[in-house]
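Contents: one structure, followed by commentary.
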Amino acid sequence: MSHGGGGHASELYPEDQVLVVGAILSIVGIYIAHFASQGGYPQISMLLGGLLAAAATVAGANTTRKVAAYGLGTGVPSIGMVSLGMGTISALAGVLLASTLIKNFGLPSEVIYAIPIIVVVVSVVLGYIVGRLTVNPIGMKIPIMVQSMTKLSLMGALSIMGFCVAYAGGFSPDVFINGAVKNGIIGLAFIAAGMAILHPFNACLGPNESHKRTLTLAVACGLLTWFVFSVAKLDVISSIASVILWAVVYRSFVKQSLNDACEVLYTPELPKKEM
Amino acid sequence: MDAVSLILPLAEITVAGAIINASVHFVPVGGAPAAMATSTGVGTELMAAAGMAAQAGISLTNPVHLALIMLSGAVGSMIMLGLTMLIGQLIYVFGVGVVPAADKCDKDPITGDYQKSYITPGTTGHAIPTVCFISGLIGAALGGIGGGLAYIAFKVLGFSSEVAGVIAVGFFFMNAVLASYNIGGTIEGFHDPKFKKIPNGIVASFVASLVTGVIVAGMALGI
Numbered sequence: 019m020s021h022g023g024g025g026h027a028s029e030l031y032p033e034d035q036v037l038v039v040g041a042i043l044s045i046v047g048i049y050i051a052h053f054a055s056q057g058g059y060p061q062i063s064m065l066l067g068g069l070l071a072a073a074a075t076v077a078g079a080n081t082t083r084k085v086a087a088y089g090l091g092t093g094v095p096s097i098g099m100v101s102l103g104m105g106t107i108s109a110l111a112g113v114l115l116a117s118t119l120i121k122n123f124g125l126p127s128e129v130i131y132a133i134p135i136i137v138v139v140v141s142v143v144l145g146y147i148v149g150r151l152t153v154n155p156i157g158m159k160i161p162i163m164v165q166s167m168t169k170l171s172l173m174g175a176l177s178i179m180g181f182c183v184a185y186a187g188g189f190s191p192d193v194f195i196n197g198a199v200k201n202g203i204i205g206l207a208f209i210a211a212g213m214a215i216l217h218p219f220n221a222c223l224g225p226n227e228s229h230k231r232t233l234t235l236a237v238a239c240g241l242l243t244w245f246v247f248s249v250a251k252l253d254v255i256s257s258i259a260s261v262i263l264w265a266v267v268y269r270s271f272v273k274q275s276l277n278d279a280c281e282v283l284y285t286p287e288l289p290k291k292e293m
Numbered sequence: 003m004d005a006v007s008l009i010l011p012l013a014e015i016t017v018a019g020a021i022i023n024a025s026v027h028f029v030p031v032g033g034a035p036a037a038m039a040t041s042t043g044v045g046t047e048l049m050a051a052a053g054m055a056a057q058a059g060i061s062l063t064n065p066v067h068l069a070l071i072m073l074s075g076a077v078g079s080m081i082m083l084g085l086t087m088l089i090g091q092l093i094y095v096f097g098v099g100v101v102p103a104a105d106k107c108d109k110d111p112i113t114g115d116y117q118k119s120y121i122t123p124g125t126t127g128h129a130i131p132t133v134c135f136i137s138g139l140i141g142a143a144l145g146g147i148g149g150g151l152a153y154i155a156f157k158v159l160g161f162s163s164e165v166a167g168v169i170a171v172g173f174f175f176m177n178a179v180l181a182s183y184n185i186g187g188t189i190e191g192f193h194d195p196k197f198k199k200i201p202n203g204i205v206a207s208f209v210a211s212l213v214t215g216v217i218v219a220g221m222a223l224g225i
């Protein structure tokens, strides 16, 4: 699994900055989607909620880049899938634990508004424990494994919550479960957000990997996930906005890639006989 | 639900996680492909179980019904992985044009065929020799049983079918990737020396599943 990388990748923005910005933007997006839908403006739910949820996948892709640069190799898709696996459990835990707290521990029903915070806490705890397990019985030798697993679990949970809440229109248990879980949209969020987190570094890894190019692809993947959800919700304005933004960002990525390549060859058809 | 009736589902979830971790070690290639292949089988089983529960009224206290759910998970996973390996084998043999040969053993433990002389120089084995295929089927069966056991535990806790299914898939991926990191790359099957690392993986999944079980039990209290 190691390709002799062994070192940390050079970065344009410090990883923690991207993480904090991504987390705050996606939490704000979750609250906007919830209150906009409950308040009578359901159109804003996918428009702003979907856009801000993409911030969580960008931050997740950035963390994947940092931890995978130590030499995960074929483990890069796995780390995307584990981040979403833990994220699904944390997202559902956050939504359902709120009703546990209200029923069994007698907390006031305003706890419903703290559901995103509960999701954050559960995902951080679960990610930390799984991270410690990958170091201790399993024996992975990456120095920043524990903190990266924690951050990835957090970003996975926030991406799932972000996109599902944008689709369903709220994070209270009945709205979320009926709007996003019972019709299977959470499965779409699992795979789409998982691919958005694991694909950017997986595609860009290699010698001369540049942070700017990887981040551009990460933003493009996040916007594409937003497009998928807008189409699923049949929301015309979000679909048009997301596909235009995606085209702009992806064009920039392709231009950067062609610029950075030493030479771009178009391989002709192989000759039919021995030369 | 009181504390005592939560203990059995908690134990089931922990054991299910350990079984899922063990199952990934059996599948040739291992890692994310194994997780994705067996999880599709588990998904089929979840659909079957939900369908059966809706029509025939599966009762969760009847051990025969529970065995049926786990068996359907095992069979679904085995079909999924068997077909994947078969199609891959056809492509290797008739497309790429190589002979199935395993690198990690001198003689195939099941058929007794010698492997060394058939390995292409510069590779570490190719296609799917018999031992890898059988090992893959065993792994898929275990994965289906583990996934089914976790799904049963979630249903007993009181979640609806869809929520239980979603939690089961996330739980399955978490354990399968822990196994994949334990393997560290690729594995050929139960004859591979890397298979001896399986206790580390089982312990790690045990702990992770226990923590997840506690969280899920907490969620169940609020239904």
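Those protein sequence lines, which keep their order, are chains A and B.
First residue of the first sequence? That's 19 in my numbering, and the numbers climb one at a time after it.
First residue of the second sequence? That's 3 in my numbering, and the numbers climb one at a time after it.
Backbone N, C-alpha and C fix where the C-beta goes; we use that ideal spot for every residue, glycine too.
Query: Return the chain-ordered list of same chain residues with a C-beta closer than 8 Å to the C-beta of Gly24 (chain A), the five sequence neighbours on each side being excluded.; Result: Any reading at Gly24 (chain A) must be qualified, since the residue scores a pLDDT of 45, below 50, and its modelled position is unreliable; the value itself is stated next. Hits under 8 Å: Tyr88, Gly89.
Query: May I ask you to list the residues that DSSP assigns as paired with Ala170 (chain B)?; Result: The partner list for Ala170 (chain B) (beta bridge, DSSP) is empty, contrary to what the question assumes.
Query: Locate the alpha helix (DSSP H) running through Gln274 (chain A), then write down its first and last residues.; Result: 254-278
Query: Touch check for the stretch 97-104 of chain A and the stretch 163-183 of chain B: three-plus C-beta pairs under 8 Å?; Result: yes
Query: Check for me: the alpha helix (DSSP H) holding Lys84 (chain A) runs from which residue to which?; Result: 60-86
Query: Compute the Euclidean distance between the alpha carbons of Val114 (chain A) and Asn122 (chain A), then round it to the nearest angstrom.; Result: It is Leu, not Val, that sits at residue 114 (chain A) in the sequence shown. For Leu114 (chain A) and Asn122 (chain A), the distance between alpha carbons rounds to 12 Å.
Query: Tell me whether Tyr49 (chain A) sits in a helix, a strand or coil according to DSSP, three-state version.; Result: helix
Query: Does the stretch 55-73 of chain A come close enough to the stretch 130-145 of chain A to have 3 or more Cβ pairs within less than 8 Å?; Result: no
Query: Look up Tyr116 (chain B) in the DSSP assignment and say whether it is helix, strand or coil.; Result: strand
Query: Taking the alpha-carbon of Thr92 (chain A) as reference, which of B:Leu223, B:Ser182, B:Val158 has the nearest alpha-carbon?; Result: B:Ser182
Query: Quick check: Leu212 (chain B) and Gly19 (chain B), are their CB atoms within less than 9 Å of each other?; Result: yes
Query: Use the C-beta contact count for Gly252 (chain A): other C-beta atoms within 10 angstroms, 16 or more gives buried, fewer gives exposed.; Result: The amino acid occupying residue 252 (chain A) in the given sequence is Leu; Gly does not appear at that position. So Leu252 (chain A) ends up on the exposed side.
Query: Would you tell me roughly how many angstroms separate the C-alpha atoms of Pro161 (chain A) and Lys169 (chain A), rounded to the nearest one?; Result: 14 Å
Query: Using the three-state DSSP reduction, which class does Lys290 (chain A) fall into: helix, strand or coil?; Result: coil
Query: Using the beta-carbon of each residue, which ones in chain B are nearer than 8 Å to Asn122 (chain A)?; Result: Leu223, Gly224
Query: Since Leu110 (chain A) and Met176 (chain B) are thought to touch, with beta carbons under 8 Å apart, how far apart are those beta carbons, to the nearest angstrom?; Result: Going by Cβ atoms, the distance from Leu110 (chain A) to Met176 (chain B) rounds to 13 Å, so no, they are not a contact pair.
Query: Going straight from the alpha carbon of Glu190 (chain B) to that of Ile217 (chain B), what length do you get?; Result: 35 Å
Query: Note down, in chain order, each residue of its chain lying with its Cβ closer than 7 Å to the Cβ of Ala198 (chain A), except the 5 sequence neighbours on either side.; Result: Cys182, Tyr185, Ala186, Ile204
Query: Give the single residue among B:Ala219, B:Ala206, B:Ala178 whose Cα lies nearest to the Cα of His27 (chain B).; Result: B:Ala178
Query: According to DSSP, is Ala104 (chain B) part of a helix, a strand, or is it coil?; Result: coil
Query: Report buried or exposed for Phe96 (chain B), applying the criterion of at least 16 other Cβ atoms within 10 angstroms of its Cβ.; Result: exposed
Query: Look at the alpha carbon of Val267 (chain A) and the alpha carbon of Met179 (chain A), and state the distance between them as a whole number of angstroms.; Result: 24 Å
Query: Which first and last residues belong to the alpha helix (DSSP H) in which Tyr185 (chain A) is found?; Result: 163-186
Query: Using the beta-carbon of each residue, which ones in chain D are nearer than 7 Å to Ile121 (chain B)?; Result: Judged by its chain identifiers, the structure shown contains no chain D, and its protein chains are A and B.
Query: Tell me, please, whether the stretch 273-287 of chain A touches the stretch 4-13 of chain B by the rule of three or more beta-carbon pairs shorter than 8 Å.; Result: no
Query: Say whether chain A places a C-beta atom closer than 9 Å to the C-beta of Glu77 (chain B).; Result: First, the amino acid is wrong: residue 77 (chain B) is Val here, not Glu. Val77 (chain B) does not count as touching chain A.
Query: In chain A, which residues lie less than 7 Å from Ala210 (chain B) when you measure between Cβ atoms?; Result: Ile147, Val148, Leu151
Query: Have a look at B:Leu88, B:Asn202, B:Ala166 and flag the residue whose alpha-carbon is nearest the alpha-carbon of Gly215 (chain B).; Result: B:Ala166
Query: Grab me the residues of Gly84 (chain B)'s own chain with a C-beta within less than 7 Å of its C-beta, minus the 5 sequence neighbours each way, in chain order.; Result: Leu139
Query: Give me the Cα-Cα distance between Val264 (chain A) and Gly78 (chain A), rounded to the nearest whole angstrom.; Result: It is Trp, not Val, that sits at residue 264 (chain A) in the sequence shown. Taking the straight line joining both Cα atoms gives about 18 Å.
Query: With Phe247 (chain A) as the anchor, note down where its alpha helix (DSSP H) starts and where it stops.; Result: 229-251
Query: Just the chain B side, please: which residues come within less than 7 Å of Thr168 (chain A) by C-beta, in chain order?; Result: Near Thr168 (chain A) there are no residues of chain B at all, since even the closest Cβ is about 14 Å away, more than 7 Å.
Query: On a Cα-Cα basis, can you pick out the residue from B:Thr113, B:Asp115, B:Phe135, B:Val98 that is closest to Ile81 (chain B)?; Result: B:Phe135
Query: Is the beta carbon of Pro11 (chain B) less than 9 Å from the beta carbon of Leu223 (chain B)?; Result: no
Query: CB-CB under 6 Å to Asn184 (chain B), same chain, minus the five flanking residues each way: which ones, in chain order?; Result: Lys199, Asn202, Gly203
Query: So Gly188 (chain A) contacts chain B; which residues on that side make the cut at Cβ distance below 7 Å?; Result: What Gly188 (chain A) touches in chain B: nothing, since even the nearest Cβ is about 17 Å away.
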